[in-house]
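Notes follow once the structure below has been shown.
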Amino acid sequence: MNLEEIINYRRSVRHYKDQPIDTDKVKHCIELATLAPNSSNMQLWEYYHITNREMLKKLAIACLNQQSATTAQQMVVFVTRQDLYRKRAKEMIELETQNVFKNSPIAKQEKRLKSWKMYYGRIIPFLYFRFFGIFGIIRKIIVNIVGVFRPIVYQVSENDMRVVVHKSCALSAQTFMLAMANEKYDTCPMEGFDSRKVKSILKLPYGAEINMVISCGIREENGVWGDRMRIPFEEIYRRI
0 MNLEEIINYR
10 RSVRHYKDQP
20 IDTDKVKHCI
30 ELATLAPNSS
40 NMQLWEYYHI
50 TNREMLKKLA
60 IACLNQQSAT
70 TAQQMVVFVT
80 RQDLYRKRAK
90 EMIELETQNV
100 FKNSPIAKQE
110 KRLKSWKMYY
120 GRIIPFLYFR
130 FFGIFGIIRK
140 IIVNIVGVFR
150 PIVYQVSEND
160 MRVVVHKSCA
170 LSAQTFMLAM
180 ANEKYDTCPM
190 EGFDSRKVKS
200 ILKLPYGAEI
210 NMVISCGIRE
220 ENGVWGDRMR
230 IPFEEIYRRI
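Numbering (numbering that gives the first Met the number 0), first residue to last: 0 to 239.
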């Protein structure tokens, strides 16, 4: 299928066939999901690929026993890991240092190295650090002062940064679902779940958060609830 066909094929499937799907193909789709765009390339995500039948049953209960979960052949839980920002920032400094030495003229290397070390060594840790909302307030005060003199990003509260991490993870989840559609496998992104139970089942650390649970399988004939509906394009499209 071409991209348009893949996008049209993908639907949120509510009922799957009792038919196994290839675990390796699903794993490859998760690998493709890691190529999704994400904020500052921080990749603050993890993927939990559930194939064990007992674990699937437990997750189905945590997903409120909705049919998308109870009939799923496999599930993938997309998890945000904002708590890993220091580790990821350090990895990005190492990556960008290599990129500078590999791709930049010698005369510009020192300046660019300094810029990357400032960004990932100081700015990113300052933006992602959380402490009961206090640091978010400090960041908001700073950007509102700077914003008087020049354009600046104002969404820097602790909740704003949490949203940034979840947006990046959601982009990865969408990439995964399109990759699955290309394999003629079906998915359903579920936001109706008991996050505490899911975290407990997967034994996730305190700093991890569930972005969404995606069930996987092959659709039954009645697996899609009716025709696709979208708001008329003319109503939502603005050309400027």
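Using N, Cα and C, we set each Cβ at its ideal position, and we do this for glycine too.
Rounded to the nearest whole angstrom, the CA to CA distance from M91 to N40 is 8 Å.
When the beta-carbon positions are compared, A68 and S214 come within less than 8 Å of each other.
Exposed is the label assigned to Y236, since fewer than 16 other Cβ atoms lie within 10 Å of its Cβ. When secondary structure is reduced to three states using DSSP, H27 falls in the helix class.
In this chain, the alpha helix (DSSP H) harbouring N7 covers L2 to Y8.
Counting only the Cα atoms, R121 lies some 16 Å from E157.
Relative to R218, the option among C187, M211 and E95 whose CA is nearest is C187.
One thing to note: V75 has its Cβ within 8 Å of the Cβ of I29. For Q173, the secondary structure class from DSSP, reduced to helix, strand or coil, is helix. Secondary structure remark: continuous alpha helix (DSSP H) runs of at least 4 residues inside the region 30 to 94, in chain order: 52 to 61 and 66 to 69. In the structure shown, the three-state DSSP call for V164 is helix.
In this structure, I200 and M54 form a Cβ contact; the two beta carbons are roughly 7 Å apart against a cut-off of 8 Å. Note on the region 205 to 229: whole beta strand (DSSP E) runs with a minimum of 3 residues are 208 to 216, in chain order. Residue pairing for M189: DSSP places it in a beta bridge opposite V212.
Scanning E234, V223 and E233 for the CA closest to the CA of K16 turns up V223. Counting C-beta pairs with one atom in each stretch, the region 163 to 176 and the region 22 to 38 have three or more that are closer than 8 Å, which means they touch. Distance from the CA of K101 to the CA of W115, rounded to the nearest whole angstrom, comes to 15 Å. Here S11 is bridged, per DSSP, to T186. Here M176 is buried. Its C-beta has 16 or more other C-beta atoms within 10 Å.
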